[in-house]
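Here is the structure we will look at, set down as structure tokens.
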Amino acid sequence: MDPSVPSLGPSDLPTPPLSPRKRRRHLRESDDAEGDMSLERYLQRVEVYRSTSIPSRFPSPVKLEVLPSLEKVLRPLYPEVSSILNQHNLPGMMMYRCWRMTKPGYPRGDVPVDIFSVLLDTSTPSISPLGPIKDEILSLFRRHKVSAHVEISNDKLCHQPTFFSIALNHPLVKAYDRVMQNLVAILKQTLGSNFNMLCPFNVGPSEAKAQPTIVVFVEPWTITNWFELRLQVLSQLLPHIQADSFDIEFLPGAMSSLNGGDIPFTHNVKEHEVPRMGSSIGIEGDKNAGTLGGFVTLTHGDVVRRGFLTNYHVVRPSPSQRPSDSNDFLQSLDRFGSSPVRPLANRITMESPSGLDKDATAAHISERLEAMRKHETELNAKVQERELLGATPNSGILEALSNTKDSIQEALLLRSVVDRMPFSLGDVQFVSGYEVRGGHVMDWAFVQMSKAAEPKFFRPNFMPSVPNKYQPEIWSPSQNSAIWLGKKPLSEFGSFKDGDWCCKKGRTSGFTAGVVNGPKAYCKWNGPKVRYTPSGQKVEMRALETQEFVIVGKRAGVNEESFCTDGDSGLFVLGESGEVKGLLCGGMEKDKWNLGLASSMPDVMASIQEKMGGSVTLSLPT
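Quick note: the sequence shown uses numbering that gives the first Met the number 0, first residue 0, plus one each step.
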């Protein structure tokens, strides 16, 4: 152990604490957690309620597929497995399952692992150590020459960290603020480029049981001595806060700009007939997709432009879609952005919905039509068969045939609507480029509506309908909204404040709500590798961290709610009174998107002002 960090006392306590949280903390402070290992193995080592023979198990959640072939081989051994388990007096019900485990989208997660799983169903936190039991079952399988991993777990009690917002005035946040730079230096020195984000949250299985926690996100499969790193982080915080009042989590996760793939919108084609705040957008002739933030009026001196805001990376052309001689154009756009004195050298036209989404929807409708026509043919054959026999066709078949014909006509009507899409909206005029300003990433673009599109589509933005489960008064009776029903246009810009309720409507995830986390997140960005100051000076992002506002998804009755997902890039983040608070620019991946990263509107407007020069006003249409 590093002598420069404090000792927390003996690790082999005679009687482990009973609560799952305290048992887990005891394990993190034991010798089992020491030594260089991958993050995945560390998380496995400090899990009290799961023991597995997989050397480095994927973090939960994972994809599990039933494996009948393995069950067929193991079923004769089940009596001996039961005998082993009974000897250890494990409480509650037990179930045996044979799975093939993968974790799609996770590095190395496509390599399947076959496991025999014993699932414990008990809420009793004090149980026998699971490791020796797992080893006995594994030895049994090996004696019978069965090649399969063994896992015993109590999923009710397994550690499943869920994030909740923490107040800016919380004692942990105050302590964190005093030593944040020291923590960042330690993490950079130990983890290098594998360190992604640092931020305090409340973390736990539910909001009621959440504990103040310093959360460190790192790249999957990062190898270090997590025991020592945890002690180094503790050593910085302990002079300012008691050790038992907070915890430290190391988790796999990487920031994403939320670029989206294709999404069919067959279920809500009507919503896409008129582009609006939250609609799908893309570059004409390109293969990208994002979200229309909202319509705005940009006044520069005496020139008034009507259009909409979104992210720069949503309107940035794909290099693969452009000729090689356009590389200079993209490099200049990334470095300097565009403004009245530095206009775009190439035209970029935006459309809605994105070509990706339109094509996916058309393909989905075609598949439905093919299936329904096949069904219609089968039903017609049954009717004809009855008629040839001189019998009256079954009324149920006739009704099904009529309904199928109606559905075919509806699908044909939908296809005719989709065939008229996408709609050309206008050209990109001004963008931030890959800018870093005032310790924040700037990622905005203004698209000016064309003369043809402006009278058709430019309109006020309205507060989306807010389902009861998202309404802020459910979380705090003191909160309510002045324009809750959305009868008035959004007319004001606001800013993010600690604990504020906020919501959004995105291309992919639709309506969600969340809470602004008190402290900002300290972020290390993996891409792009280079950004630029407002004056165009190069900044290597591996040497720079930014601080970004974090929105934690929240919904009544659910422990964890995703705030955003791929394809939501560029949307407006709204406040409880209908003010536009910010522009979503990214998210933090923790198996699902629970955290959104956003730029506050005052920062966006200041960047626009600096980029444009002169007198600039941004307003919302009313």
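The beta carbon of each residue, even a glycine, is placed where N, CA and C say it ideally should be.
My guess is that A253 and N310 are in contact by the Cβ rule of under 8 Å, so how many angstroms apart are they, rounded?
One-based indexing of the sequence shown puts residue 253 at position 254. One-based indexing of the sequence shown puts residue 310 at position 311. Actually they are not in contact, since the Cβ atoms of A253 and N310 sit about 18 Å apart, beyond 8 Å.
Beta-carbon proximity of W98 to S127, cut-off 7 Å
One-based indexing of the sequence shown puts residue 98 at position 99. One-based indexing of the sequence shown puts residue 127 at position 128. Not closer than 7 Å, so no.
With distances taken between CB atoms, is the gap from N460 to L489 smaller than 7 Å?
As a working note, residue 460 is residue 461 in the sequence shown. As a working note, residue 489 is residue 490 in the sequence shown. Yes.
At the level of alpha carbons, what is the spacing between S431 and A597?
Counted from its first residue, the sequence shown places residue 431 at position 432. Counted from its first residue, the sequence shown places residue 597 at position 598. Their backbone Cα atoms lie some 15 Å apart in a straight line.
Can you check which of these residues, V314, P352, R304, is closest to P339 by C-alpha distance?
Walking along the sequence shown from the start, residue 339 turns up at place 340. The shortest Cα separation from P339 among V314, P352, R304 belongs to R304.
Tell me G108's beta-bridge partners as DSSP assigns them.
Stepping through the sequence shown from its first residue, residue 108 is reached at position 109. BP columns for G108 are empty, so no partner.
Distance, S353 Cα to E369 Cα:
Taking the first residue of the sequence shown as position 1, residue 369 is located at position 370. Taking the first residue of the sequence shown as position 1, residue 353 is located at position 354. If you draw a straight line from the Cα of E369 to the Cα of S353, it is about 24 Å long.
Please report the straight-line C-alpha distance between V4 and S234, rounded to a whole angstrom.
As a working mapping, residue 4 is identified with position 5 in the sequence shown. As a working mapping, residue 234 is identified with position 235 in the sequence shown. A caution first: V4 carries a pLDDT of 41, below 50, which makes its placement in the model unreliable, though a value can still be read off. Linking V4 to S234 through their CA atoms gives a straight-line distance of about 6 Å.
From A207, L171, S122, residue whose alpha carbon lies closest to that of T161:
The count along the sequence shown starts at 1 and reaches residue 161 at position 162. Closest option to T161, Cα to Cα, is A207.
Which of helix, strand or coil DSSP assigns to H363:
Residue mapping note: residue 363 aligns to position 364 of the sequence shown, counting from 1. Shown here, H363 sits in a helix according to DSSP, grouped into three states.
Runs of beta strand (DSSP E) lying entirely within the region 344–395, each at least 3 residues, in chain order:
Those beta strand (DSSP E) runs which fall completely within the region 344–395 and span 3+ residues are 348–351.
Please report the straight-line C-alpha distance between N469 and F307, rounded to a whole angstrom.
Residue numbering aside, residue 469 sits at position 470 when the sequence shown is read from its first letter. Residue numbering aside, residue 307 sits at position 308 when the sequence shown is read from its first letter. The sequence given here has Tyr at residue 469, not Asn. Going by the C-alpha atoms only, they are around 26 Å apart.
Run the CB neighbour count on A451, radius 10 Å, all protein chains shown included, and call it buried at 16 or more, exposed below.
Locating residue 451 in the sequence shown gives position 452, counting from the first residue. By the Cβ neighbour-count rule, A451 is exposed, with fewer than 16 other Cβ atoms within 10 Å of its own.
Secondary structure of S415, DSSP reduced to three states
As a first step, residue 415 must be located in the sequence shown, where it is residue number 416. Secondary structure of S415 (DSSP, three-state): helix.
So, G586 versus G574, is the Cβ gap smaller than 7 Å?
As a working note, residue 586 is residue 587 in the sequence shown. As a working note, residue 574 is residue 575 in the sequence shown. Not in contact: G586 and G574 (Cβ atoms no closer than 7 Å).
Is it buried or exposed for L583, if we count other Cβ within 10 angstroms and need 16 for buried?
One-based indexing of the sequence shown puts residue 583 at position 584. By the Cβ neighbour-count rule, L583 is buried, with 16 or more other Cβ atoms within 10 Å of its own.
If we define contact as Cβ-Cβ less than 7 Å, is G493 a contact residue for chain C?
This model lacks chain C altogether; it includes just one protein chain.
Assess, as a yes-or-no matter, whether the region 428–446 is touched by the region 374–385 under the definition of 3 or more beta carbon pairs within less than 8 Å.
No contact exists between the region 374–385 and the region 428–446.
How would you call H271, buried or exposed, if buried means at least 16 neighbouring beta carbons within 10 angstroms?
As a working mapping, residue 271 is identified with position 272 in the sequence shown. Buried, because 16 or more other Cβ atoms sit within 10 Å of the Cβ of H271.
Excluding the 5 residues flanking V72 on each side, which residues of the same chain have their C-beta closer than 7 Å to its C-beta?
Position 73 of the sequence shown, counting from 1, holds the residue named residue 72. Only V145 meet the Cβ criterion.
What number of angstroms, rounded off, separates the C-alpha of G613 from the C-alpha of T298?
For this step, residue 613 is matched to residue 614 along the sequence shown. For this step, residue 298 is matched to residue 299 along the sequence shown. In this structure, the alpha-carbon of G613 lies about 10 Å from that of T298.
Candidates A399, E386, W500: which alpha carbon is nearest R554's?
On the sequence shown, position 555 is the one that residue 554 refers to. The candidate whose alpha carbon is nearest that of R554 is W500.
Using beta-carbon positions only, say whether T360 and G438 come within less than 7 Å of one another.
Working through the sequence shown from its first residue, we reach residue 360 at position 361. Working through the sequence shown from its first residue, we reach residue 438 at position 439. Cβ distance not < 7 Å, so T360 and G438 don't count as in contact.
Give the DSSP-derived three-state secondary structure of M276 in the structure shown.
In the sequence shown, the residue the question calls residue 276 occupies position 277. Note: M276 maps to coil in three-state DSSP.
How about the region 243–260 and the region 224–232: do they share at least three Cβ pairs that are nearer than 8 Å?
With a cut-off of 8 Å, the region 224–232 and the region 243–260 count as touching, because enough Cβ pairs lie within range.
At which residues does the alpha helix (DSSP H) containing P170 begin and terminate?
Residue 170 sits at position 171 when you count from the first residue of the sequence shown. P170 -> alpha helix (DSSP H) spans 170–190.
Starting from R436 and walking both ways along the beta strand (DSSP E), at which residues does that stretch end?
Against the sequence shown, residue 436 aligns to sequence position 437. Where R436 is concerned, the enclosing beta strand (DSSP E) starts and stops at 434–436.
How about V112 and M94: are their beta carbons less than 7 Å apart?
As a first step, residue 112 is located in the sequence shown; it is residue number 113 there, counting from the start. As a first step, residue 94 is located in the sequence shown; it is residue number 95 there, counting from the start. No, the pair does not count as a contact, with Cβ atoms beyond the cut-off.
Identity of the residues DSSP links to R541 by a beta bridge:
To locate residue 541, count along the sequence shown from 1; it is residue 542. BP columns for R541 are empty, so no partner.
Determine the contact status of V572 and K503, defining contact as a CB-CB distance below 7 Å.
Residue 572 sits at position 573 when you count from the first residue of the sequence shown. Residue 503 sits at position 504 when you count from the first residue of the sequence shown. Yes, Cβ-Cβ distance for V572 and K503 is below 7 Å.
Inter-residue Cα distance where the pair is M600 and S568
Locating residue 600 in the sequence shown gives position 601, counting from the first residue. Locating residue 568 in the sequence shown gives position 569, counting from the first residue. For the pair M600 and S568, the Cα-to-Cα distance works out to about 15 Å.
N- and C-terminal bounds of the beta strand (DSSP E) containing I430:
Translated into positions along the sequence shown, residue 430 becomes position 431. In the sequence as displayed, the identity of residue 430 is Val instead of Ile. First-last of the beta strand (DSSP E) with V430: 422–430.
Reduced DSSP secondary structure (H/G/I, E/B, other) of G498:
Counting from 1 along the sequence shown, the entry for residue 498 is found at position 499. If DSSP states are grouped into helix, strand and coil, G498 belongs with coil.
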